[in-house]
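For the sequence shown, my numbering gives the first residue as 1, with consecutive numbering after it.
Every residue, glycine too, gets a C-beta built ideally from N, C-alpha and C.
Note that this is a predicted model, so its numbers are computed, not measured.
Working notes, structure below.
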Amino acid sequence: MVVVTDDSFIPDYLFNPWLCVDGDKYVKDLTSDNVLECKVELNFQHDVLLVTTTGIPSHDFESTIGCCASEQQQTWSIPITPIYSDDVVLIPERGPVAFAVNGAAIYGPEEGPGGDAVALHFGKFEEDRQPIELGVCGGHSGPGGQYH
């Protein structure tokens, strides 16, 4: 669903890339056999784009051992015309820091127990506090059922 609440100039790149905006996109969690909805709603309000998602990707996926993914209610606010700032804003150490065009969360560089996920990927760190398992598409569900 796309809602435009005013006549603001909205660049094409904010309209075109989104998946799951028409609804009725259901995918399967191959770990649990649950069927979930990939849904992205766009709401253009004045100088921001509000993106509300279920956090479910647009393809079948595996929750893996963090079973099981569930539909979330995540809203992101994106300025339609970003303004450069001298202020520094740090991303959170854990949890979502961004999202894909299908609404699935993208997490930052810290993995669950606090290790460095980038170092883990390159074999420079060994996670010994919990097993890490990624599904066929490189994601999995975490605490609270958020797929990332």
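Considering only residues of the same chain and omitting the five flanking positions on each side of residue i, which have a CB-CB separation below 6 Å?
i: C52; result: The question names Cys, but residue 52 in the sequence shown is Thr. So the qualifying residues of the chain are E41 and T75.
i: G66; result: H140, S141 and G142
i: A69; result: D29, S63, S141, G145 and Y147
Just mark residue i as buried or exposed, buried being the case when its beta carbon has 16 or more other beta carbons within 10 Å.
i: Y13; result: exposed
i: K124; result: exposed
i: A105; result: buried
i: N102; result: buried
i: Y26; result: exposed
i: T54; result: buried
i: F61; result: buried
i: P96; result: buried
Return the chain-ordered list of same chain residues with a C-beta closer than 8 Å to the C-beta of residue i, the five sequence neighbours on each side being excluded.
i: T64; result: T31, E133, L134, G135, H140 and S141
i: V48; result: S77, I78, P79 and I80
DSSP puts residue i in a beta bridge; with which residues?
i: Y147; result: S141
i: L50; result: N43 and S77
i: P11; result: Partner(s): none; P11 has no beta bridge.
i: F153; result: An answer regarding residue 153 cannot be provided, because it is not within the stretch 1 to 148 covered by the chain.
i: K28; result: V35
Anyone know if the C-beta pair for residue i and residue j falls short of 9 Å?
i: C162; j: P82; result: Outside the shown range of the chain (1 to 148) lies residue 162, about which nothing can therefore be said.
i: L19; j: E71; result: no
i: G108; j: P131; result: no
Tell me which residues share the same chain as residue i and place their Cβ nearer than 7 Å to its Cβ, disregarding the 5 neighbours each side in the sequence.
i: H157; result: This structure leaves residue 157 out entirely; the chain is present only between 1 and 148.
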